[in-house]
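Q: Have a look at this one before I ask anything.
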Amino acid sequence: MRGSDRLRENIALLYNNPNVTKNSILTTNGGIVANQIVLQSLLSRDDHIIVMYPTYEQLYQTPRMLGAEVTLWKLDPSRGWGLDLAFLRSSIKKNTKMIVLNSPNNPTGAYLSLAMQHDIVRVAEEHDLIIFCDEVFYPLFRLEDADCPRSFLDLGYGKTVVIGSLSKAYSLAGTRTGWIASANKEILERNAAMRHYTTISVSQLDEAIAAEALADRCRLPLLLRSSTLTGTNIRALEKFVDEHAECSWTKPLSGTTVMLKFARDGKPVNDREFCLRLLKKHGVLLCPASICFGDGDSGDFRGYVRVGAAIDTAEMEGALQEMRKFMSEDFNAIPLAY
1 MRGSDRLREN
11 IALLYNNPNV
21 TKNSILTTNG
31 GIVANQIVLQ
41 SLLSRDDHII
51 VMYPTYEQLY
61 QTPRMLGAEV
71 TLWKLDPSRG
81 WGLDLAFLRS
91 SIKKNTKMIV
101 LNSPNNPTGA
111 YLSLAMQHDI
121 VRVAEEHDLI
131 IFCDEVFYPL
141 FRLEDADCPR
151 SFLDLGYGKT
161 VVIGSLSKAY
171 SLAGTRTGWI
181 ASANKEILER
191 NAAMRHYTTI
201 SVSQLDEAIA
211 AEALADRCRL
221 PLLLRSSTLT
231 GTNIRALEKF
241 VDEHAECSWT
251 KPLSGTTVML
261 KFARDGKPVN
271 DREFCLRLLK
281 KHGVLLCPAS
291 ICFGDGDSGD
301 FRGYVRVGAA
311 IDTAEMEGAL
321 QEMRKFMSED
331 FNAIPLAY
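Okay, structure coming up:
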């Protein structure tokens with residue numbers, strides 16, 4: 001009921017932690033169900049959590065639906081989408097229960113450095129907090145091996161739970177297979193109890209495909225494919241950014257997503273209108289970040305759009321050609337965000 005032995009064994013081998021075995025793994029119907037199980041099983045109305053932001057909306061809206069208080073720990077675009085550790089420390093309250101992270105990050109393509117990971121673990125240890133990290137884009141890093149972050153599950157902190165999926169790093173979204181991993185028996189048992197209400201079991205066909213995908217003979221080629229596609233497409237995006245003064249970015253070094261900012265006369269454009277007109281006239285679909293990743297009516301990420309970079313290179317080149325036409329023919333008609 002917790003997933004096939006072979007799949008859970010292969011998932012456990014993804015982590016460099018001797019305490020992680022197949023019994024540390026629960027399979028789920030995709031990463032979205034894994035997130036839901038973790039949050040619903042571990043949080044209640046009186047809890048406070050701190051959530052890395054921007055991120056997948058589920059990671060802060062589900063806790064709010066459960067009645068938990070949420071503090072957003074904001075990535076700072078002026079610092080290359082970096083985080084302020086002092087803010088984390090100052091945000092902790094008596095009822096703080098969990099730090100929620102997403103690294104590699106969706107949508108920015110930023111990542112938590114190994115040094116920052118250790119800093120977060122120290123803060124969690126000092127205050128007896130759960131670390132929960134959505135690692136669906138792990139281990140896609142465009143870094144030297146010595147600088148690469150690790151899964152939070154590999155850092156040895158006992159109150160850690162992570163989720164993974166075949167959808168992002170492995171580009172196998174059709175299998176609908178995700179997982180929860182924790183060496184903490186209490187956390188995992190609470191997750192397992194909640195899983196009975198959401199999953200019961202994952203398709204045996206999906207699990208068989210997933211187990212094969214995570215075997216060495218398939219896993220490494222799949223990751224190489226994702227990494228190669230993303231790296232090539234990011235170089236193409238870099239050329240586009242260099243050609244257009246109206247477009248800026250922090251070049252992403254992890255994951256498969258990219259945030260571009262479009263501005264005119266120093267002011268962000270209306271990203272919703274930008275994306276709608278680009279789609280209607282040129283057939284290119286981007287995500288308006290203020291809507292897809294901003295917190296309600298906060299106005300965060302005005303002028304930003306998210307690009308998915310793990311696509312066929314010919315498709316990316318074609319889309320960028322259409323975007324070049326859009327910039328020369330239509331961009332000046334896009335209203336400003338303010």
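In UniProt numbering, the protein residues as written are 1 to 338. No residue lacks a Cβ here, since even glycine has one placed at the ideal position from N, Cα and C. On a predicted model such as this, the values are computed, not experimentally measured, just so you know.
(1) Which residue from Thr96, Thr27 and Leu101 puts its Cα closest to that of Leu59?
(2) Return the residue from the list Pro54, Lys185 and Gln117 that minimises the CA-CA distance to Asp295.
(3) Alpha carbon to alpha carbon, how far is Thr160 from Leu276? Give it in angstroms, no decimals.
(4) For Ile209, which residues from the same chain have a beta carbon less than 6 Å from its beta carbon, with the 5 sequence-adjacent residues on both sides left out?
(5) For a test of the three-state rule: what should DSSP assign to His244, helix, strand or coil?
(6) Which partner residues of His48 appear in the DSSP bridge assignment?
(7) Measuring only the C-alpha atoms, how far is His127 from His48?
(8) Check whether the Cβ atoms of Ala183 and Val20 lie closer than 8 Å to each other.
(9) Buried or exposed: which applies to residue 341, given that a residue is buried once 16 or more other Cβ atoms fall within 10 Å of its Cβ?
(10) Between the Cα of Asp5 and the Cα atoms of Asn23, Ala68, Leu14 and Arg225, which residue gives the shortest distance?
(11) Determine the burial state of Asp134: buried for a count of at least 16 other Cβ atoms within 10 Å of its Cβ, exposed for fewer.
(12) In three-state DSSP terms, what is Leu172?
(13) Below 8 Å on the Cβ atoms is my guess for Leu129 versus Ile163; work out the distance and round it to an integer in Å.
(14) Fully enclosed by the segment 107-159, which beta strand (DSSP E) runs are 3 residues long or longer?
(15) Is DSSP giving residue 340 helix, strand or coil here?
(16) Can you list, in chain order, the residues of its chain with a C-beta nearer than 6 Å to that of Gln40? Leave out the 5 residues immediately preceding and following it.
(17) Quick check on DSSP: helix, strand or coil for Ile334?
(18) Alpha carbon to alpha carbon, how far is Glu238 from Lys251?
(19) Express the C-alpha separation of Leu285 and Tyr157 in angstroms, rounding to a whole number.
(20) At which residues does the beta strand (DSSP E) containing Val33 begin and terminate?
(21) Taking DSSP as the reference, what is the three-state secondary structure of Leu224?
(22) Considering only C-alpha positions, which residue in the set Lys281, Phe274, Asp119 and Gly283 is nearest to Ala289?
(23) Residues in its own chain within less than 6 Å of Gly67 by CB, not counting five upstream and five downstream?
(24) Helix, strand or coil: which one does DSSP assign to Lys261?
(25) Going by DSSP, which residues form a beta bridge with Ala181?
(26) To which residues does DSSP link Pro268 through a beta bridge?
(27) Could you tell me how far apart the beta carbons of Gly80 and Met259 are, in whole angstroms, since I believe they sit closer than 8 Å?
(28) Could you tell me the alpha carbon to alpha carbon distance between Leu155 and Glu322, rounded to whole angstroms?
(29) Which residues in the same chain have their Cβ closer than 7 Å to the Cβ of Phe301, if we skip the five residues on either side of it in sequence?
(30) Over the uninterrupted alpha helix (DSSP H) stretch that includes Arg89, give me the two end residues.
(31) What number of angstroms, rounded off, separates the C-alpha of Ala314 from the C-alpha of Met327?
A: For this structure:
(1) Taking Leu59 as reference, the option from Thr96, Thr27 and Leu101 with the minimal CA-CA separation is Leu101.
(2) Pro54
(3) In this structure, the straight-line span from the alpha carbon of Leu276 to that of Thr160 is close to 40 Å.
(4) Thr175
(5) coil
(6) Glu69 and Thr96
(7) 13 Å
(8) Yes.
(9) Residue 341 lies beyond the residue range present for the chain, which begins at 1 and ends at 338; the question has no answer from this structure.
(10) Asn23
(11) buried
(12) coil
(13) Not a contact, Cβ separation roughly 17 Å.
(14) 130-134
(15) Summary: the structure shown does not reach residue 340, with the chain confined to residues 1 through 338, and so no result is reported for it.
(16) Met194
(17) coil
(18) 8 Å
(19) 41 Å
(20) First-last for Val33: Gly30 to Leu42, but that is the alpha helix (DSSP H), not the beta strand (DSSP E).
(21) helix
(22) Phe274
(23) Arg45
(24) strand
(25) Ile25 and Val162.
(26) Its beta-bridge partners are Ala263.
(27) In fact, because the Cβ distance is near 11 Å, the residues do not count as touching under 8 Å.
(28) 45 Å
(29) Closer than 7 Å at Cβ, skipping near neighbours: Pro54, Ala289, Ser290, Phe293 and Gly294.
(30) Leu85 to Ser91
(31) 20 Å
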